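So the sequence shown is numbered by the working numbering: it starts at 9 and just counts up by one. Shown next, in structure tokens, is the structure this report addresses.
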Amino acid sequence: MSRMHLQEVKCTKCGNAGKFTIWDSINVNSESKTKQEVKNLEFFKYICPNCGESFQIDYVTVYNDVKNNFMIYYVPNGNPEVVRKIENIIVPEKVGEKARIVFSKDDLLEKISIFEANLNDVLIELIKPFVISKIEESGIEKERAETLYFFSYKDGKITFSIPEMGDNYKVDIPKHLYDELAKRNKFKEIIGFTVIDKDNAATYLD
């Protein structure tokens with residue numbers, strides 16, 4: 009069951025105080041309206057009742073997909089004390105190795121997309137340097153290329169995007185590259201809520 013409480017928020021424009029719903033946990037299923045609100049970030053948007061100004065609210069929450077059996081803790085800015093507490097939480101058996109900790113909304117949306125596509129996020133992170141190198145060859149600067157995110161898996165293609173370049177910039181790789189990487193490697197067991205990104209993915213190879 010989702011859990012929430014109200015918190016006072018001051019408008020960044022007019023200073024008026026209002027109430028915002030903080031969700032300590034977010035339970036979703038395939039038909040959930042909440043799921044779509046998280047994906048389009050409406051879930052985190054506050055609208056001032058006084059002046060109409062809108063802005064994003066960041067707070068710690070856990071996204072629990074009850075159909076696909078994965079959980080993702082969103083910890084804005086990666087507060088070390090909060091992360092340590094989450095790492096000690098016992099993961100439900102049905103979730104297994106699909107419990108993650110992320111530090112940004114882009115990371116949250118990416119993990120949701122990866123697990124909804126029934127893909128291995130360690131493999132996705134291992135593939136990213138290859139995709140980034142291809143993007144750099146096309147003339148895009150390294151700093152921007154490294155902001156690459158998984159976007160979707162469809163029709164035998166795994167698609168990546170760079171959010172800051174807009175919806176029209178997409179890079180596809182054939183799924184067989186992912187499958188070959190999966191065949192050639194063994195992976196360590198992932199226990200508990202864990203941070204997995206392109207900087208540490210290789211440490212999960214056995």
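Beta carbons are placed, not taken as given, at the ideal position from N, Cα and C, and that holds for glycine. Keep in mind the model is a prediction, meaning the values are calculated, not measured.
Own chain, CB closer than 6 Å to residue i, minus 5 neighbours either side, in chain order
i: S160; result: T167
i: C19; result: C56, E61
Alpha-carbon spacing of residue i relative to residue j, whole angstroms
i: Q15; j: Y54; result: 11 Å
i: Y193; j: L131; result: The sequence shown places Asn at residue 193, not Tyr. When rounded, the distance between both Cα atoms is 10 Å.
i: M79; j: D129; result: 13 Å
i: K21; j: E172; result: 25 Å
i: Y81; j: M12; result: 15 Å
i: L117; j: G23; result: 30 Å
i: F52; j: I65; result: 5 Å
i: I97; j: D205; result: 20 Å
i: G164; j: A125; result: 12 Å
i: K102; j: G200; result: 12 Å
i: K93; j: V99; result: 13 Å
i: S146; j: Y157; result: 17 Å
i: S40; j: Y177; result: 28 Å
i: T42; j: S10; result: 11 Å
i: S112; j: L127; result: 20 Å
Residues near residue i in its chain [Cβ-Cβ closer than 7 Å; skip 5 each side]
i: E154; result: I140
i: F138; result: none
i: E95; result: G200, F201
Presumed contact (8 Å Cβ cut-off) between residue i and residue j, rounded CB distance
i: R108; j: T29; result: About 24 Å separates the two Cβ atoms, so there is no contact after all.
i: V46; j: V68; result: So it is not a contact: roughly 14 Å between Cβ atoms.
i: E105; j: E197; result: 7 Å
i: N37; j: V74; result: 6 Å
i: N4; j: I34; result: Residue 4 lies beyond the stretch modelled for the chain, which goes from 9 to 214, so this question has no answer here.
i: N76; j: F123; result: 6 Å
Buried/exposed call for residue i, threshold 16 Cβ in 10 Å
i: A209; result: buried
i: D187; result: exposed
i: C59; result: exposed
i: S121; result: buried
i: L213; result: exposed
i: S169; result: buried
i: F63; result: exposed
i: D175; result: exposed
Spatial neighbours of residue i in its chain, beta-carbon cut-off 8 Å, leaving aside the 5 residues before and after
i: V91; result: V83, I109, V203
i: I135; result: I166, I181, L185, Y186, L189
i: E144; result: K150, A153
Short CB-CB distance (under 7 Å) between residue i and chain D
i: V17; result: Checking the listed chains, one finds no chain D in this structure; it contains a single protein chain.
**Asked** At which residue ranges does the stretch 124-177 contain complete beta strand (DSSP E) runs of 3 or more residues, listed in the order of the chain?
**Response** If we require 3 residues or more, the beta strand (DSSP E) runs fully inside the stretch 124-177 come out as 157-162, 165-169.
**Prompt:** Considering only residues of the stretch 81-116, which uninterrupted alpha helix (DSSP H) runs meet the minimum length of 4 residues and lie entirely inside it, listed in chain order?
**Reply:** For the stretch 81-116, the full-length alpha helix (DSSP H) segments reaching 4 residues or more read 88-95 along the chain.
**Item:** Secondary structure, alpha helix (DSSP H): runs of 4+ residues fully inside the stretch 18-77
**Value:** Listed in chain order, they are 41-47.
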